[in-house]
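J.: Heads up: the sequence lines are chains A and B, in that order.
Its first residue numbered 1, the first sequence is counted upward by one per residue in the working numbering.
Its first residue numbered 1001, the second sequence is counted upward by one per residue in the working numbering.
Protein chains: 2
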Amino acid sequence: MVDIATQLDAATQPRTPLSKERILAAAVALADEGGVDALSMRKIAHALGVVPMALYKHVSNKSELLDEMVDAIVGEIDPPADGADWKTTIRRRVLSARRMLLRHPWASLVIESRSDPTPAVMAYMDSMIGIFRAGGFTIDLTHHALHAMGSRLLGFSQELFEATDQEPAAPPPEVAERFPHLTELVSAISHEGGSVVGPGCDDQFEFEFALDLLLDGLERLRDAA
Amino acid sequence: MVDIATQLDAATQPRTPLSKERILAAAVALADEGGVDALSMRKIAHALGVVPMALYKHVSNKSELLDEMVDAIVGEIDPPADGADWKTTIRRRVLSARRMLLRHPWASLVIESRSDPTPAVMAYMDSMIGIFRAGGFTIDLTHHALHAMGSRLLGFSQELFEATDQEPAAPPPEVAERFPHLTELVSAISHEGGSVVGPGCDDQFEFEFALDLLLDGLERLRDAA
DNA sequence: ACCTGAACACCGTTCAAGT
DNA sequence: ACCTGAACACCGTTCAAGT
């Protein structure tokens, strides 16, 4: 009871002083819940029981806040584990990045809309370059590899549309006639058993398929030189 | 002089009746100039010499307008040329899509923020699936290929950050120390001659490098089956 | 000196009043 | 019946007034 009273007290009154950490935590929580559209300086302030202008003591504007949010979640990606070959190390790290993005679905759009890399992203890229170099890649091939992997290095699925999680409905006849190949493909996926868990596509499988396609191709180019 | 007077007249007075086409053209032009942040219903209306509410007679809301803008520019992608093998056909089409995206730099973020594919995008995907199928790909491999190519099918570069066009500045010593691998890579790019046109990276080369890496990998998988 | 309410310049969209 | 100005509920941020 004392605990609850204390918590209520802390929630309603601005007892704990505002800090950049508390603002960041509230902003990330809001974005996780409602997406980036639901994120406004006014709502962050409200969630913290504070007047909007109070935020500007700790953050110079919303753009800087978004940068710091990106930095915070990129910092959640697991560090590279020692003792494995370059491909396994890259693979594990990218899959860890993907898990981070699944926790923060708003992040990919925000990262793409930033114009400059944040410090944590630079550190991540630096580390990934080091793994390629230690794996015997030349500077040039490492450079091309970074471009070719692109945002996938940070776990981006690079799909055209978000995963829906719902069984694709059988298209009405006039749609099936306009898009025959698409219709064939969708019906093949629906009826397929095997690797597909539940309805729709197995996103994890498709992600790893594309990742391995790229890593295998890069390995071949390394060995050819 | 009559021409100029007529044009001025048309520009200031709402002589030519408003239509969905004129609204779309104005919206695309505004986005091309100032990016998607500069695109508002009010500004589109102002550019057309019309009161904001007049737009809502032809478009039900901004989201639908964005959908129609996407449809309009995806329609600019060249149709597939007959008579070439699947790889050349896909390659040419993707490069045409990339040229479209370079004309409309705002488009990739807008397309990614849409939740459902527009009709023109569905038609494009249907056509691309047909090319893979005609090239001897099974339904399953075609399906995986679509996921693996992802937004790159529409010409997306999938880079983490936009091309800057400016020579990367030599990092100050403390940055070079924190990011040694990144520093090595950047300095290697700057000093490199060869395929690099002017400062920075050759984006067209890197795009085709990644595209071919994927297409070659897919071809190998097709042949292995 | 510090904090903050009101205000500014926007935004997409609703709605009722005017023709 | 049609059109549209004012209004509503937001937004990020400035700034001056209050303590």
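All residues carry an ideal CB built from backbone N, CA and C; glycine is no exception.
Note that this is a predicted model, so its numbers are computed, not measured.
Quick check on B:V1094 - is its C-beta less than 9 Å from some C-beta in chain A?
T.: The residue given as residue 1094 of chain B occupies position 94 in the second sequence. Chain A contact via Cβ: absent.
J.: How about A:V94 and A:R152: are their beta carbons less than 9 Å apart?
T.: Translated into positions along the first sequence, residue 94 of chain A becomes position 94. Translated into positions along the first sequence, residue 152 of chain A becomes position 152. Cβ distance < 9 Å, so A:V94 and A:R152 count as in contact.
J.: Can you tell me where the alpha helix (DSSP H) with A:Q204 in it begins and where it stops?
T.: Numbered from 1 along the first sequence, position 204 holds the residue referred to as residue 204 of chain A. It spans D203 to A224 - the alpha helix (DSSP H) in which A:Q204 sits, taken as one unbroken run.
J.: Can you check whether the CB of A:E112 is closer than 9 Å to the CB of B:L1109?
T.: Taking the first residue of the second sequence as 1, we reach residue 1109 of chain B at position 109. Taking the first residue of the first sequence as 1, we reach residue 112 of chain A at position 112. Yes. Within cutoff.
J.: Indicate whether A:P117 and B:F1161 have their beta-carbon atoms separated by less than 9 Å.
T.: For the purposes of this step, residue 117 of chain A is identified with residue 117 of the first sequence, where counting begins at 1. For the purposes of this step, residue 1161 of chain B is identified with residue 161 of the second sequence, where counting begins at 1. Taking 9 Å as the Cβ cut-off, A:P117 and B:F1161 qualify as a contacting pair.
J.: So, helix, strand or coil for B:L1018, using DSSP?
T.: Reading the second sequence from its first residue, position 18 is the one you call residue 1018 of chain B. Coil, per DSSP.
J.: Is B:C1201 near the ligand GDP, in the sense that its beta carbon is under 8 Å from a heavy atom of that ligand?
T.: In terms of ligand content, the structure shown is empty, and the ligand GDP therefore cannot be addressed.
J.: Could you name the residues of the region 209-220 of chain A whose beta carbon sits closer than 8 Å to any beta carbon of chain B, in the order they occur along the chain?
T.: F209, A210, L213, L214, D216, G217 and L218
J.: According to DSSP, is A:G155 part of a helix, a strand, or is it coil?
T.: Along the first sequence, one-based indexing puts residue 155 of chain A at 155. Three-state DSSP puts A:G155 in coil, outside helix and strand.
J.: Is A:F132 closer than 9 Å to A:A145 when the C-beta atoms are compared?
T.: Here residue 145 of chain A refers to the residue found at position 145 of the first sequence. Here residue 132 of chain A refers to the residue found at position 132 of the first sequence. For A:A145 and A:F132, yes; Cβs fall inside 9 Å.
J.: Note down, in chain order, each residue of its chain lying with its Cβ closer than 7 Å to the Cβ of A:K43, except the 5 sequence neighbours on either side.
T.: Locating residue 43 of chain A in the first sequence gives position 43, where the first residue counts as 1. So the qualifying residues of the chain are L30.
J.: Kindly indicate if chain A contains any beta-carbon less than 9 Å away from that of B:M1122.
T.: For the purposes of this step, residue 1122 of chain B is taken as residue 122 along the second sequence, with counting starting at 1. Contact with chain A is found for B:M1122, since one of that chain's Cβ atoms lies less than 9 Å from the residue's Cβ.
J.: Between which two residues does the alpha helix (DSSP H) containing A:T89 stretch?
T.: As a position in the first sequence, residue 89 of chain A is number 89, starting the count at 1. That run of the alpha helix (DSSP H) goes W86 to R103.
J.: Among residues of its own chain, excluding the 5 on either side of A:V70, which ones have a beta-carbon nearer than 8 Å to its beta-carbon?
T.: To locate residue 70 of chain A, count along the first sequence from 1; it is residue 70. Here the set comprises A107, V110, I111, R114, T118, A120 and V121.
J.: Expressed to the nearest angstrom, what Euclidean distance is found between the alpha-carbon atoms of B:V1196 and A:L213?
T.: Counted from its first residue, the second sequence places residue 1196 of chain B at position 196. Counted from its first residue, the first sequence places residue 213 of chain A at position 213. With a pLDDT of only 46 at B:V1196, under 50, the local geometry of the prediction cannot be trusted, and no value is derived from it.
J.: Short of 9 Å Cβ to Cβ, which residues in the region 1149-1167 of chain B face chain A?
T.: M1149, G1150, S1151, R1152, L1153, L1154, F1156, S1157, Q1158, E1159, L1160, F1161, E1162 and T1164
J.: Could you list the residues in the region 40-53 of chain A with a C-beta less than 9 Å from some C-beta on chain B, going in chain order?
T.: none
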